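Participant: For the sequence shown, numbering that gives the first Met the number 0 begins at 0 and goes up steadily by one.
Every residue gets a Cβ at the ideal spot worked out from N, C-alpha and C, and that includes glycine.
From a predicted model like this one, the values you see are computed outputs, not experimental measurements.
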Amino acid sequence: MSRLFNFSAGPGALPLPVLEQAAAELVDFRGAGMSLLEMSHRGAIYDAVHRECVADLRALLGASEDHALIFMGGGGRTQFALVPTNLRPTGSATYADTGSWSSGAISEARKLGAAHTAWSSAESGYDRVPGPGELAVPPDAAYLHYTSNNTIYGTQYQYVPESGTVPLVCDMSSDILSRPVDVARYGLIYAGAQKNLGPAGVTLVVIRRDLLERSRAELPQMWSYKAVAAKDSMLNTPPVYAIYMVGLVAKHLLAQGGAAGIATLNERKAARIYAVIDGSAFWRGHAQPSSRSLMNVTFRSPSAELDARFVKEANAAGLVGLKGHASVGGLRASLYNSVPDAAAVALAEFMTQFERRAG
Ligand SMILES: Cc1ncc(COP(=O)(O)O)c(C=O)c1O
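#1: Give, in chain order, every unbroken run of the alpha helix (DSSP H) that is at least 4 residues long and sits entirely within the stretch 78-145.
#2: Where does ILE379 fall in DSSP's three states?
#3: With a threshold of 8 Å, are at least 3 pairs of Cβ atoms found where one atom belongs to the stretch 169-189 and the other to the stretch 300-318?
#4: If contacts are defined as beta-carbon pairs under 8 Å, then VAL245 and GLY197 qualify, I think. What distance do you get, rounded to the angstrom?
#5: Which residue comes first and which comes last in the beta strand (DSSP E) that contains HIS285?
#6: Write down the C-beta distance between ASP46 and ARG207 rounded to the nearest angstrom, noting that I regard them as a contact closer than 8 Å.
#7: Should GLY291 go down as buried or exposed, given a rule of 16 or more other Cβ atoms within 10 Å for buried?
#8: What's the C-alpha gap between GLY257 and LEU60?
#9: Given a threshold of 16 other Cβ atoms within 10 Å of its Cβ, counted over all protein chains shown, does GLU107 qualify as buried or as exposed?
#10: Considering only their Cβ atoms, is the gap separating ASN195 from ASN85 smaller than 8 Å?
#11: Given PHE281, which residues of its chain have a CB within under 7 Å of its CB, disregarding the five upstream and five downstream residues?
#12: Along the chain, where does the alpha helix (DSSP H) containing ASP231 start, and where does it finish?
#13: Helix, strand or coil: which one does DSSP assign to GLY186?
#14: Entirely within the stretch 19-88 and at least 3 residues each: give me those beta strand (DSSP E) ranges in chain order.
#15: What is the DSSP secondary structure of THR351, counted as helix, strand or coil?
#16: Using DSSP with H/G/I as helix, E/B as strand and the rest coil, what is VAL168?
#17: So what does DSSP say about GLN155, is it helix, strand or coil?
#18: From what residue to what residue does the beta strand (DSSP E) around LEU203 run?
#19: Need the endpoints of the beta strand (DSSP E) that ALA332 sits in, please.
#20: For the stretch 262-270 against the stretch 217-231, do three or more pairs of beta-carbon atoms, one drawn from each stretch, fall closer than 8 Å, so that the two count as touching?
#21: Express the C-alpha separation of GLU304 and LEU360 in angstroms, rounding to a whole number.
#22: Does the beta carbon of ASP277 fall short of 7 Å from some heavy atom of ligand 1?
#23: Expressed to the nearest angstrom, what Euclidean distance is found between the alpha-carbon atoms of GLY163 and VAL82?
#24: The beta strand (DSSP E) spanning THR263 covers which residue range?
#25: Spell out a yes or no on whether the stretch 270-289 and the stretch 235-245 are touching, meaning 3 or more CB-CB pairs, one atom from each, closer than 8 Å.
#26: Less than 8 Å between CB atoms is the rule here; does SER302 satisfy it with respect to chain B?
Below, the structure written as structure tokens:
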């Protein structure tokens, strides 16, 4: 099989060694005589897989025991509702609106209570995130919510916003573990797995343990961070296979030097594409340079026709997943952790050649 260079925004590329290990272990899990997919999640074999995954993620994140790591279902979008449900029993929460995912989180929060938008780049087509000091957070806010990487628009915070004593909540769905993170600064982090952590089907929630006390006893159990954390994410049957795969990806990341090691690789990959964009009058980037994402590079050629031709020719050359999101148009190269440097090299070269042919 010749593997394509996969620039999909998500589900995204997975490391080949992880896929190969998962394939080898699928039918007979490590000599158990059955597949992991067929086993009770209460048994010793799955239990070890689950605990090792949590321990490896904790090591990668550098998270102390002050934070609980839990696995939930329902993707990032479910967290849009669960965060206010749990953390804002009363009062108002504050949000930064940097794109479709943040505004989706705001609209879900507003269905359930009060949410205040402290900052928005909607008017400039979500081409940037706020600079340090631009986000004003009322001291009595239940939390400040922001989206560290805006998958659709290709912008990313290059710093951690200051929120004083107000708990900081971050949707890291599209850049978790792509660079080191100071978990101690966060009240809650959530991320759907399907971009940087593994397959779709599981969402990682990292929550400061004191905030678990905000989950009211009358909440339905499966909506309550406190109830799920109390049962080590096994309140219901967890998505065992997705968690197993996240565990394999975590081991792969650890072997590459953890978040710091992968950050160096991610910087190199993104720099290759931004260098082509900056070195040419043909390509234009969507994001303002100070807000550029290392995960999703958004760009366009001089016309929608040329963008479409680019996607078609790139597909034929084995470079797939480059069409921009419908709300921005143009092109998008997602360079998640598992996208190899060779893919970025190939894309940069293909962009340069395309410009020569079409420019
Ligand atoms: C930043 C961000 N948040 C949330 C979501 C929604 O995630 P899910 O599809 O897991 O609900 C996405 C999906 O792409 C995303 O990129």
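Facilitator: If we stick to the structure as given:
#1: 99-111
#2: Coverage of the chain is limited to positions 0 through 358, which leaves residue 379 absent and any answer about it impossible.
#3: no
#4: 4 Å
#5: That residue, HIS285, is in no beta strand (DSSP E); it is neither H nor E in DSSP.
#6: Actually they do not touch by this definition, with Cβ atoms about 25 Å apart.
#7: Here residue 291 is Arg; the residue named in the question, Gly, does not match the sequence. By the neighbour-count rule (16 or more Cβ atoms within 10 Å), ARG291 is buried.
#8: 9 Å
#9: buried
#10: no
#11: SER300, PRO301, GLU354, GLY358
#12: Careful: ASP231 lies outside any alpha helix (DSSP H) and carries neither H nor E.
#13: coil
#14: 66-71
#15: helix
#16: strand
#17: strand
#18: 202-207
#19: 330-333
#20: no
#21: Lying before the first or after the last residue shown, residue 360 is absent from the chain, which here runs from 0 to 358.
#22: no
#23: 19 Å
#24: Taken as a continuous stretch (DSSP letters only), THR263 belongs to no beta strand (DSSP E), being part of the alpha helix (DSSP H) at 257-277.
#25: no
#26: This model lacks chain B altogether; it includes just one protein chain.
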